[in-house]
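As structure tokens, the structure follows; a few thoughts come after it.
Residue numbers (the working numbering), protein chains in the order written: chain A, 85 to 270; chain B, 85 to 270.
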């Protein structure tokens, strides 16, 4: 990733940056269940983020990584492939393709656990990066907005958890059906 | 559940309540990854909760319920069985047994989605209930503490998501192995 120190808040107000900032804020106001961020509040969240670009083909989050967990990002433009090696143990399996509006790496920033999957840019991407330090600063300086942002993140993690749980139930049924087939064929 | 209007904050300071309140606060300070609640802060969280008791054998959260999602609870004493009917479609399967310190129903309070499993008391339980309204009041009145509490909840949801993801990977491998067995037996 480019190492830019400017964040959205300090960036020069050239039209490109303004548009990107507005775009980031709009993506953050996407319906959350509880105490949704207003556009004004989402812009304050974005002011704690740093705009960044990653070229196509770069694996910027590596599955199992425990060191590089201090940031999350909001994807503004482009596509990211999420892959996991652990499913087959031999080759990575694509588990998702993410587009604009997706949050990436938010679990690592919350619980500092190892990265659960690898993320590789399928195209050049534009994104907004939030570091753990910036999140802590937002919570200290703008705690109500911090709460709303955390609610939005939690709701997305909960949604993903529900999806995974559904898949798990399907697999459990599949395994049970296959076991019956195997028993029959013996 | 008993319909008590008193919350921990307003409850008369009889020793029993103090002890229960202290106990609840201690359970909330259990290590979270980021910006952990201090005991003093956890007591403020607890002051937004309402002590409650549920007798053994009561299903107080029903899988799929979309109406009764406006509360979560911290289990203080006793055990709760988590069951899901969706795994087998015919009879409920126990997916977890929860003890003191467990948070129950926190996803529903965050995203207002349907309850993902049923919860039944295995013993008489004591718990501390946090309603969505109380959570919103805490965020408005004590936003920094609200943020820390939300971080703690998010970290727990993230942890559970990671667990489910691991199980999903195991099932995916199991299904793949079974498919090979089935192919061989044809």
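Don't be surprised by glycine CBs; every beta carbon is placed ideally from N, CA and C.
For the stretch 128-151 of chain A, the set of residues with a beta-carbon nearer than 7 Å to any beta-carbon of chain B is empty. Residue 269 of chain B belongs to the set of residues whose beta carbon lies under 8 Å from a beta carbon in chain A. Between the alpha carbons of residue 252 of chain B and residue 179 of chain B lies a gap of roughly 14 Å.
Contact of residue 195 of chain A with chain B is assigned, a C-beta pair being separated by under 8 Å. Burial state of residue 103 of chain A is exposed, judged by a 10 Å Cβ sphere holding fewer than 16 other Cβ atoms. Counting C-beta atoms within 10 angstroms of its own C-beta, residue 239 of chain B has 16 or more neighbours from the protein chains shown and is therefore classed as buried.
For residue 137 of chain B, the enclosing beta strand (DSSP E) stretches over residues 134-138. The Cβ neighbour count for residue 249 of chain A, taken over all protein chains shown within 10 Å, is at least 16; the residue is labelled buried. Counting along the chain, residue 190 of chain B sits inside the alpha helix (DSSP H) bounded by residues 190-195. Contact annotation: residue 125 of chain A and residue 223 of chain A have beta-carbon atoms that are not nearer than 8 Å.
Residue 176 of chain B has a beta carbon lying at 8 Å or more from every beta carbon in chain A. Residue burial is scored here from C-beta neighbours: residue 122 of chain A has fewer than 16 other C-beta atoms within 10 angstroms and is therefore classed as exposed. Contact with chain A is absent for residue 165 of chain B, since none of that chain's Cβ atoms lies less than 8 Å from the residue's Cβ. Comparing C-alpha distances from residue 133 of chain B to each of B/203, B/258, B/210 and B/165 shows the shortest one belongs to B/210. Under DSSP, the beta-bridge partners assigned to residue 214 of chain B are B/156.
In this structure, the beta-carbon distance from residue 215 of chain A to residue 138 of chain A does not fall below 8 Å.
Secondary-structure assignment with DSSP links residue 260 of chain A through no beta bridge to anything. Here the stretch 194-202 of chain B makes no contact with the stretch 157-164 of chain B; the two share fewer than three CB pairs at distances below 8 Å. Excluding five sequence positions before and after residue 153 of chain B, the CB atoms of its chain that fall closer than 6 Å to its own CB belong to 192 and 196, given in chain order. In this structure residue 182 of chain A does not touch residue 237 of chain A by the C-beta definition: roughly 15 Å separates them, more than the 8 Å allowed. Residue pairing by DSSP puts residue 166 of chain B in a beta bridge opposite B/180 and B/203.
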